[in-house]
Amino acid sequence: MLQLSFIRENKETTLAGLRKKHFANAETVVDQLITLDQQRRDTQSELDNVLAQSNIRAGQIGALMKAGDKTAADAAKAETAELKARSKELGDALRQIETDLQALLVTLPNLPHSSVPEGRAADDNEVIAEHGTIPTLHTNAQPHWELIEKYDIIDFKLGVKISGAGFPVYKGKGARIQRAMINFFLDEALKAGFMEVQPPILINEESGFGTGQLPDKEGQMYFATEDKLYLIPTAEVPITNIYRDVILPENQLPIKNVGYTPCFRREAGSWGAHVRGLNRLHQFDKVEIVRIEKPENSYAALEEMSQYVQSLLQKLELPYRVLRLCGGDMGFTSALTYDMEVWSAAQERWLEVSSVSNFETYQANRLKLRSKLDRGDGPAKMQLLHTLNGSALALPRILASILENNQTPDGINIPAVLVPYCGFDRID
RNA sequence: AGAGAGAUGGCAGAGUGGUCGAUUGCGUCGGUCUUGAAAACCGAAGACUGUUACAGGUCCGGGGGUUCGAAUCCCUCUCUCUCUGCCA
1 MLQLSFIREN KETTLAGLRK KHFANAETVV DQLITLDQQR RDTQSELDNV
51 LAQSNIRAGQ IGALMKAGDK TAADAAKAET AELKARSKEL GDALRQIETD
101 LQALLVTLPN LPHSSVPEGR AADDNEVIAE HGTIPTLHTN AQPHWELIEK
151 YDIIDFKLGV KISGAGFPVY KGKGARIQRA MINFFLDEAL KAGFMEVQPP
201 ILINEESGFG TGQLPDKEGQ MYFATEDKLY LIPTAEVPIT NIYRDVILPE
251 NQLPIKNVGY TPCFRREAGS WGAHVRGLNR LHQFDKVEIV RIEKPENSYA
301 ALEEMSQYVQ SLLQKLELPY RVLRLCGGDM GFTSALTYDM EVWSAAQERW
351 LEVSSVSNFE TYQANRLKLR SKLDRGDGPA KMQLLHTLNG SALALPRILA
401 SILENNQTPD GINIPAVLVP YCGFDRID
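Residue 1 is where the first sequence starts when you use full-length UniProt numbering, and the numbers rise one by one after that.
Written out as structure tokens, the structure is:
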């Protein structure tokens with residue numbers, strides 16, 4: 001959520017940012033917000049005056065009662081009726097204005113960082129790095145959905161029987177390599193200074209609001225109606241919400257957390273071409289890193305996270321590229337996002353396996369995540385912190401890429417770093 | 001799931017209608033003392049809103065009500081704890 005004070009003081013910057021994100025009706029909404037904000041402050045200040053008078057009266061009546069002057073007290077009471085009516089009126093008006101203001105404010109996406117390229121869709125994303133060489137496969141190489149059947153390591157039909165499409169059953173070496181990757185990713189994160197957490201995978205509405213999934217994205221999350229809990233679409237939600245309504249002491253920053261969780265996505269309306277096999281699932285596993293930073297450090301932290309994710313891909317020996325997402329393709333809550341894509345050699349496509357973002361104060365404002373920061377220029381000031389997160393990494397597409405890229409006519413080679421975790425070096 | 005109890009500042013824990021934003025203890029920070037530290041003593045310290053700055057206003061789980069006045073009384077919701085039952 002953007003800060004009203006920022007919008008008020010930086011209207012043109014706000015509008016330019018919203019346009020870059022292709023937000024419709026930016027001018028109208030911003031004007032409405034500014035108008036409502038002014039109304040809110042006027043109403044508030046009038047209400048404050050009325051309340052101040054009421055408080056004075058109440059004090060006087062109290063003193064009169066104490067003095068035993070009942071007649072004077074009753075007379076004073078009679079004079080409060082008007083103030084009371086007025087304060088109710090103003091209070092109601094204020095509540096309505098605040099409701100309207102909030103409803104409008106949550107519709108605004110975060111503003112993009114200045115380095116975000118113009119553009120409307122995925123084609124406009126900027127490739128900022130490429131690494132590794134595209135493998136040449138033997139003739140009759142197969143896409144991963146054929147390989148998993150051939151070696152019987154993942155069973156989609158079984159998943160359909162138990163749950164439905166998009167819920168695969170991993171079997172034998174398929175299951176073991178999943179577990180291997182989770183442990184590998186967690187161990188790497190620990191080495192990089194992240195603290196491991198195991199959060200709940202069902203979250204309440206407040207948490208969904210805090211990170212920006214709610215309102216609006218409820219259609220993408222599974223919902224347990226009886227208890228009003230959502231299954232998490234990513235560990236970002238529960239981990240970041242650890243810090244909801246928290247004032248962090250400055251000396252605890254930065255916060256670096258890592259967590260493994262399954263993720264659940266309804267993917268309503270996004271089934272079509274390119275979703276075969278492991279490319280898009282309703283349930284998948286992911287290791288997520290979350291970082292909380294002082295504002296001045298957040299972009300350096302983002303670069304560090306990007307480098308960290310890339311280091312994982314390098315260790316897995318997968319060819320990848322890094323994209324800086326354009327304004328139109330970025331997430332609602334993000335100020336700057338890098339996507340990491342690995343090459344899937346049989347599909348001959350890039351697959352997104354990580355998305356690393358800086359949300360600046362957008363989530364922190366919703367979360368009320370703050371710190372009293374001492375800048376040496378006067379007393380320490382309460383400030384919203386910056387939140388960042390990234391996948392490190394999402395498993396299914398990594399597996400798809402490993403299977404396809406490392407296939408030989410008679411088996412699939414496991415990347416060396418995973419062998420100690422798997423206990424085998426080949427699927428055949 | 002049933003019965004009961006409870007929700008107050010970083011934590012513990014008072015406060016049952018009138019200077020209560022709130023006693024006190026612990027913890028935190030600053031100072032005195034000390035070579036340094038501890039102890040002791042003295043002092044400071046909540047959040048939000050708002051103002052150029054004051055002032056003012058709001059916040060004792062959430063919402064509503066009674067009252068001139070609510071942390072305190074009433075209604076309601078949520079959550080937590082204890083016991084019983086069930087169960088990894």
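Positions of the beta carbon are idealized from the N, C-alpha and C atoms, including for glycine.
Next item on the list: Identify, in the order they occur along the chain, each residue of the same chain with its Cβ nearer than 8 Å to the Cβ of residue 204, setting aside the five sequence neighbours on each side.
Entry: Locating residue 204 in the first sequence gives position 204, counting from the first residue. For residue 204, where only same-chain residues beyond five positions count, the Cβ hits under 8 Å are 228, 229, 230.
Notebook entry, point to check: How many Å lie between residue 4 and residue 32 at the Cα?
Noted result: Taking the first residue of the first sequence as position 1, residue 4 is located at position 4. Taking the first residue of the first sequence as position 1, residue 32 is located at position 32. Between residue 4 and residue 32, the C-alpha separation is close to 12 Å.
Next item on the list: Scan the segment 247-316 and note each continuous beta strand (DSSP E) run of 3 residues or more that stays entirely inside, going in chain order.
Entry: 255-264, 283-293
Notebook entry, point to check: What's the call for residue 92, buried or exposed, on a 16-neighbour Cβ count within 10 Å?
Noted result: The residue you call residue 92 lines up with position 92 of the first sequence. The residue in question, residue 92, is exposed, as its Cβ has fewer than 16 Cβ neighbours within 10 Å.
Notebook entry, point to check: Opposite residue 343 in the DSSP bridges: which residues?
Noted result: As a first step, residue 343 must be located in the first sequence, where it is residue number 343. Answer is 350.
Checklist line | Cβ-Cβ separation, residue 316 to residue 417 (assumed contact under 8 Å), whole Å | finding: As a position in the first sequence, residue 417 is number 417, starting the count at 1. As a position in the first sequence, residue 316 is number 316, starting the count at 1. Contact holds; Cβ gap of about 7 Å.
Margin query: I need the DSSP call for residue 224, collapsed to helix, strand or coil.
Written below: As a working mapping, residue 224 is identified with position 224 in the first sequence. Correct three-state label for residue 224: strand.
Next item on the list: Kindly provide the ranges of any alpha helix (DSSP H) runs that are 4 or more residues long and lie completely inside the segment 167-220, ordered along the chain.
Entry: 173-191, 205-211
Check: In three-state DSSP terms, what is residue 241?
Finding: Against the first sequence, residue 241 aligns to sequence position 241. In this structure, residue 241 counts as helix in the three-state DSSP scheme.
Next item on the list: On a CA-only basis, which of 154, 84, 310 is nearest residue 320? Give me that one, please.
Entry: The sequence position of residue 320 within the first sequence is 320, counting from 1. That would be 310, whose Cα lies nearest to the Cα of residue 320.
Checklist line | Under 9 Å between C-beta atoms of residue 232 and residue 254 | finding: To locate residue 232, count along the first sequence from 1; it is residue 232. To locate residue 254, count along the first sequence from 1; it is residue 254. No.
Note to self: Looking at the strands, I want to know which residues DSSP matches up with residue 129.
What the structure shows: Residue 129 sits at position 129 when you count from the first residue of the first sequence. Partner(s): 322.
Item checked: DSSP-derived helix/strand/coil call for residue 407 -> The residue labelled residue 407 in the question sits at position 407 within the first sequence. If DSSP states are grouped into helix, strand and coil, residue 407 belongs with the strands.
Next item on the list: Could you pull out every residue in the same chain whose Cβ sits closer than 7 Å to the Cβ of residue 410, ignoring the five residues on either side in sequence?
Entry: As a first step, residue 410 must be located in the first sequence, where it is residue number 410. Cβ neighbours of residue 410 beyond the five flanking positions: 428.
Margin query: Within the continuous alpha helix (DSSP H) that includes residue 102, where are the two ends?
Written below: Here residue 102 is taken as the residue at index 102 of the first sequence, counted from 1. Residue 102 -> alpha helix (DSSP H) spans 80-105.
Check: Hey, residue 338 and residue 325: beta-carbon distance below 9 Å or not?
Finding: Looking up residue 338 in the first sequence gives position 338. Looking up residue 325 in the first sequence gives position 325. Result yes, Cβ atoms of residue 338 and residue 325 sit closer than 9 Å.
Item checked: Cut-off 6 Å between Cβ atoms - residues of its own chain near residue 20, not counting five sequence neighbours on either side -> Mapped onto the first sequence, residue 20 falls at position 20. Closer than 6 Å at Cβ, skipping near neighbours: 112, 327.
Check: Less than 9 Å separating the beta-carbons of residue 246 and residue 426?
Finding: For the purposes of this step, residue 246 is identified with residue 246 of the first sequence, where counting begins at 1. For the purposes of this step, residue 426 is identified with residue 426 of the first sequence, where counting begins at 1. Contact: no.
Item checked: Identity of the residue in 81, 357, 76 nearest residue 332 by Cα -> Taking the first sequence and counting its residues from 1, one reaches residue 332 at position 332. Comparing Cα positions, the closest option is 357.
Note to self: Please report the straight-line C-alpha distance between residue 143 and residue 405, rounded to a whole angstrom.
What the structure shows: Along the first sequence, read from residue 1 onward, the residue named residue 143 stands at position 143. Along the first sequence, read from residue 1 onward, the residue named residue 405 stands at position 405. About 9 Å.
Notebook entry, point to check: Just the Cα atoms here: how many angstroms apart are residue 277 and residue 242?
Noted result: Position 277 of the first sequence holds residue 277. Position 242 of the first sequence holds residue 242. If you take the alpha carbons of residue 277 and residue 242, they lie about 34 Å apart.
Checklist line | Which residues DSSP lists as bridging residue 387, in chain order | finding: Residue numbering aside, residue 387 sits at position 387 when the first sequence is read from its first letter. DSSP output for residue 387 lists 292 as bridge partner(s).
Note to self: For residue 161, report the span of its alpha helix (DSSP H) as first-last.
What the structure shows: Sequence index remark: in the first sequence, residue 161 carries index 161 (1-based). Segment 156-162, the alpha helix (DSSP H) holding residue 161.
Check: When the distance is taken between beta carbons, is residue 274 closer than 9 Å to residue 198?
Finding: To locate residue 198, count along the first sequence from 1; it is residue 198. To locate residue 274, count along the first sequence from 1; it is residue 274. No. Outside cutoff.
Item checked: Span of the alpha helix (DSSP H), counted from its first residue to its last, around residue 151 -> Counting from one through the first sequence, the residue named residue 151 turns up at place 151. Here residue 151 belongs to no alpha helix (DSSP H), and DSSP marks it neither H nor E.
Check: Can we say the segment 8-22 touches the segment 383-403, given the rule of at least three CB pairs closer than 8 Å?
Finding: no
Notebook entry, point to check: Identify the residues that DSSP records as bridge partners of residue 356: which are they?
Noted result: For the purposes of this step, residue 356 is identified with residue 356 of the first sequence, where counting begins at 1. For residue 356, which the question treats as bridged, DSSP gives the partners 338, 390.
Note to self: So, does the segment 278-285 touch the segment 250-268, judging by three or more C-beta pairs under 8 Å?
What the structure shows: yes
Notebook entry, point to check: Does the distance from the CB of residue 244 to the CB of residue 210 come in under 9 Å?
Noted result: The count along the first sequence starts at 1 and reaches residue 244 at position 244. The count along the first sequence starts at 1 and reaches residue 210 at position 210. The answer is yes: Cβ separation under 9 Å.
Check: In whole angstroms, what is the alpha-carbon distance linking residue 105 and residue 360?
Finding: Position 105 of the first sequence, counted from the start, is the residue given in the question as residue 105. Position 360 of the first sequence, counted from the start, is the residue given in the question as residue 360. Roughly 17 Å separates the two Cα atoms.
Next item on the list: In the DSSP assignment, find the unbroken beta strand (DSSP E) run with residue 372 in it and report its ends.
Entry: Along the first sequence, read from residue 1 onward, the residue named residue 372 stands at position 372. Element bounds for residue 372: 370-373.
Check: CA-CA distance, residue 249 and residue 336?
Finding: As a first step, residue 249 must be located in the first sequence, where it is residue number 249. As a first step, residue 336 must be located in the first sequence, where it is residue number 336. So the alpha carbons of these two residues sit roughly 26 Å apart.
Check: Which one of 407, 423, 341, 421 has the shortest CA to CA distance from residue 140?
Finding: Residue numbering aside, residue 140 sits at position 140 when the first sequence is read from its first letter. Ranking the options by Cα distance to residue 140, first place goes to 407.
Item checked: Delimiting residues of the alpha helix (DSSP H) encompassing residue 367 -> Here residue 367 refers to the residue found at position 367 of the first sequence. Per DSSP, residue 367 belongs to the alpha helix (DSSP H) from 362-367.
Margin query: Mapping the DSSP letters down to three states, classify residue 414 as helix, strand or coil.
Written below: Reading the first sequence from its first residue, position 414 is the one you call residue 414. The answer is coil: DSSP assigns residue 414 none of H, G, I, E or B.
Note to self: On the DSSP bridge list, what partners appear for residue 427?
What the structure shows: By 1-based counting over the first sequence, the position of residue 427 is 427. Residue 427 pairs with 412.
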